[in-house]
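Novice: First the structure, which I've put down as structure tokens, then a few questions once you've had a look.
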Amino acid sequence: MKEPRDVEIRQSIRTKYAETALSGKSGCGCGSGCCGPQSANASEELARMAGYATAEVQSVPEGANMGLGCGNPQAIAALRPGEVVVDLGSGGGFDCFLAARQVGETGRVIGVDMTPEMVEKARRNAVTAQCGNVSFRLGEIEYLPVPDGIADVVLSNCVVNLSTDKAQVFREAYRVLKPGGRLAIADIVATEELPEMVRRDIKLHAACVAGAERIVVLEAMMREAGFRQISIRPRPESAALLAAWLPGLRGYPARLLLCINLPEHDNCAGQFHKGNEGR
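One point on numbering: in UniProt numbering, the residue at position 41 of the sequence shown is 41, and numbering is uninterrupted.
Take a look at the structure:
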């Protein structure tokens, strides 16, 4: 059974992202610019800063890039034609549509999101894009509506930090991956233990701050789930990007880092493998 506070946090996050989906604006709907820009042009610029090529940003349906990501997990996922991809917290479908182009007609992409309004928006975007190898499912990333051993790759872009049960997220990712599958994540991590007043701030959870965890803790969770060859390399330029991405949260960016990877740099990554030896 979920703790009452966890339920409250989850509902707050769901409400904020529902508002974002319905408004058609970029960002998480915080109103203060605390977790993303509020214009389409700013969202495009942020995506480029996070490592997406201009051609990629412009190739997705209008409204798919909502300024909700904090990196480019596909840059480290090494997607190949014919692969099956599961995206945790798919939002408007931005990463799903890009992944669909890489896996081609013989592959498929499954996006999972807990917010009904986001799922509906992503489905409309898929119709607009005439993207037949992408589907979107309503569900929580702690309990994925996906069969065991179906995925070659699990992606996630700035979503795991929102979960109040990250260990369960990694167990689920491991469950749905095929032996030897890959988990590629772009997310925010804490460089030190965040103050209790920050941890308990429900609004800061939706802002991708209060739920940020330290790398050593995340690594332990992943190992416990069964992952091997774990590599989490923070990006040195995190402070500058976070300052642009979280302008309403002065002081907190100093305690946070972006774990992302840029195609032209190898100074930040988060890729984890499911061992071939099985569970």
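The beta-carbon is built from N, C-alpha and C at its ideal position, and this holds for glycine as well.
Which runs of the alpha helix (DSSP H) at least 4 residues long sit entirely within the region 56-117? Give them in chain order.
Specialist: 74-77 and 94-103
Novice: Would you call the region 134-142 and the region 119-126 in contact, with 3 or more CB pairs under 8 Å?
Specialist: yes
Novice: Does the structure place the region 203-213 close enough to the region 148-156 that three or more beta carbon pairs sit under 8 Å?
Specialist: no
Novice: Classify Thr20: buried if its beta carbon has 16 or more other beta carbons within 10 angstroms, exposed otherwise.
Specialist: Thr20 comes out buried.
Novice: Does the Cβ of Asp6 have 16 or more other Cβ atoms within 10 Å, making it buried, or fewer, making it exposed?
Specialist: exposed
Novice: When you compare each of Arg228, Phe94 and Val217 to Asp165 by their alpha carbons, which one comes out closest?
Specialist: Val217
Novice: Taking buried to mean at least 16 other C-beta atoms within 10 Å of its own C-beta, is Gln229 buried or exposed?
Specialist: exposed
Novice: Using three-state DSSP, classify Glu8 as helix, strand or coil.
Specialist: helix
Novice: When burial is assigned at 16 or more other CB atoms within 10 Å of the CB, is Pro81 buried or exposed?
Specialist: exposed
Novice: Does the Cβ of Val127 have 16 or more other Cβ atoms within 10 Å, making it buried, or fewer, making it exposed?
Specialist: That one is exposed.
Novice: What three-state label does DSSP hand Lys178 in the structure shown?
Specialist: strand
Novice: Between which two residues does the beta strand (DSSP E) containing Leu155 stretch?
Specialist: Ala151 to Asn157
Novice: How would you call Arg223, buried or exposed, if buried means at least 16 neighbouring beta carbons within 10 angstroms?
Specialist: exposed
Novice: Roughly how many angstroms separate the alpha carbons of Asn72 and Glu196, rounded to a whole number?
Specialist: 30 Å
Novice: So, helix, strand or coil for residue 362, using DSSP?
Specialist: With the chain represented from 1 up to 279, any question about residue 362 goes unanswered, as that position is not in the structure.
Novice: Starting from the Cα of Gly92, find the closest Cα among Val84, Gly107, Ile188 and Ala129 and give me that residue.
Specialist: Out of Val84, Gly107, Ile188 and Ala129, the CA that lies nearest to the CA of Gly92 is found in Ala129.
Novice: Which residues mark the beginning and the end of the alpha helix (DSSP H) in which Ile202 is found?
Specialist: Ile202 to Ala206
Novice: Return the bridge partner residues of Asp148 from the DSSP annotation.
Specialist: Paired residue(s): none; Asp148 is not in a bridge.
Novice: Do you know offhand how far Glu172's Cα is from Val134's?
Specialist: Cα to Cα, Glu172 sits roughly 20 Å from Val134.
Novice: Just list the residues that DSSP pairs Glu213 with in beta bridges.
Specialist: Val189
Novice: Which of the three DSSP states, helix, strand or coil, is assigned to Ser23?
Specialist: helix
Novice: Relative to the C-alpha of Val110, which candidate in Gln102, Gly104, Leu88 and Ser231 has its C-alpha closest?
Specialist: Looking at the sequence itself, residue 110 is Ile, so the reference to Val does not match. Comparing Cα positions, the closest option is Leu88.
Novice: Count the other CB atoms within 10 Å of the CB of Pro234; is the residue buried (16 or more) or exposed (fewer)?
Specialist: buried
Novice: Rank Thr191, Phe170 and Arg101 by C-alpha distance to the C-alpha of Ala184 and give the top, closest one.
Specialist: Phe170
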